[in-house]
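Asks: Position 379 of the sequence shown, counted from 1, bears residue number 380 in my numbering, the numbering being contiguous throughout.
Glycine is no exception: its CB is placed at the ideal position from the N, C-alpha and C atoms.
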Amino acid sequence: MMNATPEFFNVQPVETALASLFALWEPARRAVMLDVRESRGKVLAAAAVSPIDLPEFRRSTVDGYAVRAADTFGASQSLPAYLTCVGSVPMGAPPTCSVALGQAVEIFTGGMLPDGADAVVMVERTQALGTEEIEVLAPVAPGENVIQVGEDVRRGEPILPVGHRLRAQDVGGLLAVGVLSVEVIDPPRVGILCGGDELIPPEVQPQPGQIRDINAYTLAGLVEAAGGTPLLLGIGRDDFEDYYARAETGLRQVDVLVMTSGSSISTRDLTRAVIERLGAPGVIQHGLAVKPGKPTLIGLCEGKPVIGLPGNPVSALLVARQILVPVLRRALGEAPRPPAVIHAALTANIASTSGREDTVPVRLFERDGTRFAEPVFGKSNLIYTLLRADGLVQVPLNSGGIRAGALVEVMPFDD
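1. Please state whether the Cβ-Cβ distance between Val106 and Val122 is less than 8 Å.
2. Measure the beta-carbon distance from Gln13 to Leu289 and round it to whole angstroms, keeping in mind my assumption that it falls under 8 Å.
3. Determine, using beta-carbon pairs with one atom in the stretch 270-283 and one in the stretch 240-248, whether at least three such pairs fall under 8 Å.
4. Can you give, in chain order, each stretch of the beta strand (DSSP E) that sits fully within the stretch 282-367 and has at least 3 residues?
5. Can you say whether Tyr66 is buried or exposed, counting buried as having 16 or more other CB atoms within 10 angstroms of its CB?
6. Can you give me the C-alpha to C-alpha distance between Val37 and Val257, rounded to a whole angstrom?
7. State the beta-bridge partners of Glu410 as determined by DSSP.
8. Ordered along the chain, which non-local residues of its own chain (more than five positions away) have a Cβ less than 8 Å from that of Asp54?
9. Can you give me the Cβ contacts of Glu303 inside the same chain, cut-off strictly under 6 Å, excluding the 5 residues immediately before and after it?
10. For the stretch 14-29 against the stretch 72-91, are there 3 or more C-beta pairs whose distance is under 8 Å?
11. Using a Cβ-Cβ cut-off of 7 Å (strictly less than) and excluding sequence neighbours within five positions of Leu130, which residues of its own chain qualify?
12. Report yes if the CB atom of Val291 is closer than 8 Å to the CB atom of Glu358, and no otherwise.
13. Let me know if Ala332 comes out buried or exposed under the rule of 16 or more other beta-carbons within 10 Å of its beta-carbon.
14. So if DSSP puts Phe373 in a beta bridge, which residue, or which two residues, is it bridged to?
15. Quick check on Asp415: buried or exposed, where buried means 16 or more other Cβ atoms within 10 Å of its Cβ?
16. Does the distance from the C-beta atom of Thr297 to that of Leu310 stay below 8 Å?
17. Would you mind working out which of Thr360, Ser99, Ile148, Glu16 sits nearest Ser61, comparing C-alpha positions?
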């Protein structure tokens, strides 16, 4: 039998609520080896170290001629230096000749410098005289137009730190130095349990009073974008024992449990009672100083975060971005990084109540070279509010709102 739910909660800012959870929770991370070519989006469990110097040989940065820099000193349009071309460097192979006093070797961008050469003169600063002699029309300094051995990366140098989320360019950089596998954090498993007698699977035709469950799938997409692995735990009924049984079974299979149902203060509130029964310490925070999402629950049960989200889809998704995403980043050991923002001028006033932080979807557009953010207002259960939006604007706590014309920071939807 569920316990009676208190008829109040103590709202806290998101940062305070997360700090309370993080003070009690030490994530159990699992490291696995992964092929670098499959590692984009994963978080490093160990620093990636270069096994080689990069480049491994001196390379030309231009098309031209490999020379001894001293042979070009004083060269000019009116008084060129004359050098004998003794060969050409084949691409993808070592040189077959060297450079001696008064000599040059034709070379292309990326080619390996021959022995004896210490600079490359650009082809645009030369003039061919037949097939074996060139004029050099400008001097070059030692090392000019040359990438030295190890100039990009030194052997044994850490190239990517622990906690770094791998990007496309990181994959290329690792492969460039011959790193074929990396140690990454195994994606945390996130159980998603939705509750409500009115909910049905999306493929079922709704009867009067029924609605399709979309929270499971929007949250699953958010989990994947944040680096986790979602596990859908089905739909629970508005019955304590049924809902608890599903939550208890799910908690054993995952690292983080998310529940969406009646987390509002009501006689039908099951989520708080379920969290309290799942294990100590239970509920850590009930109520956030945000809109939408004020009745959100944050708990810790058996060493695993348990998050109770509002049932309406927009509220659930927006709060999950503020709570679940930071939880997953901590679970992954991901290094802190500033959020990506787009600056835009607000087209309409946004009102806000003192004591809470409002999150408002906005649509971005440009006019006469200026970027604007237009608030997309709508009821919290209408998912199409977010379909029309490109990002979010957060109204600071106790600010009273933001006036039209103000420059705001828009957090773009990146998933």
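Replies: According to the structure data:
1. By 1-based counting over the sequence shown, the position of residue 106 is 105. By 1-based counting over the sequence shown, the position of residue 122 is 121. In this structure, Val106 keeps its C-beta atom at 8 Å or more from the C-beta atom of Val122.
2. The sequence position of residue 13 within the sequence shown is 12, counting from 1. The sequence position of residue 289 within the sequence shown is 288, counting from 1. Going by Cβ atoms, the distance from Gln13 to Leu289 rounds to 7 Å, so yes, they are a contact pair.
3. Yes: the two stretches touch, three or more of their Cβ pairs being nearer than 8 Å.
4. Listed in chain order, they are 282-287, 298-302, 305-311, 343-347.
5. Within the sequence shown, numbered from 1, the residue matching residue 66 stands at position 65. It counts as buried.
6. Taking the sequence shown and counting its residues from 1, one reaches residue 37 at position 36. Taking the sequence shown and counting its residues from 1, one reaches residue 257 at position 256. Val257 has its alpha-carbon roughly 27 Å from the corresponding atom of Val37.
7. Sequence index remark: in the sequence shown, residue 410 carries index 409 (1-based). Note: Glu410 sits in a beta bridge opposite His344.
8. Position 53 of the sequence shown, counted from the first residue, corresponds to residue 54. Closer than 8 Å at Cβ, skipping near neighbours: Val150, Gly151, Val154, Arg155, Arg156.
9. Position 302 of the sequence shown, counting from 1, holds the residue named residue 303. Closer than 6 Å at the Cβ level, and outside the excluded window around Glu303, lie Gly280.
10. Result no; under three Cβ-Cβ pairs closer than 8 Å.
11. Translated into positions along the sequence shown, residue 130 becomes position 129. Glu136.
12. What you label residue 291 is simply residue 290 of the sequence shown in a count that begins at 1. What you label residue 358 is simply residue 357 of the sequence shown in a count that begins at 1. In contact: Val291 and Glu358 (Cβ atoms closer than 8 Å).
13. In the sequence shown, counting from the first residue as 1, residue 332 sits at position 331. That one is buried.
14. Mapped onto the sequence shown, residue 373 falls at position 372. Its beta-bridge partners are Ala346, Phe366.
15. For the purposes of this step, residue 415 is taken as residue 414 along the sequence shown, with counting starting at 1. Residue environment analysis places Asp415 among the exposed positions, since fewer than 16 neighbouring C-beta atoms fall within 10 angstroms of its C-beta.
16. Counting from 1 along the sequence shown, the entry for residue 297 is found at position 296. Counting from 1 along the sequence shown, the entry for residue 310 is found at position 309. Going by C-beta atoms, Thr297 is nearer than 8 Å to Leu310.
17. Within the sequence shown, numbered from 1, the residue matching residue 61 stands at position 60. If we check each option's Cα against that of Ser61, Ile148 comes out closest.
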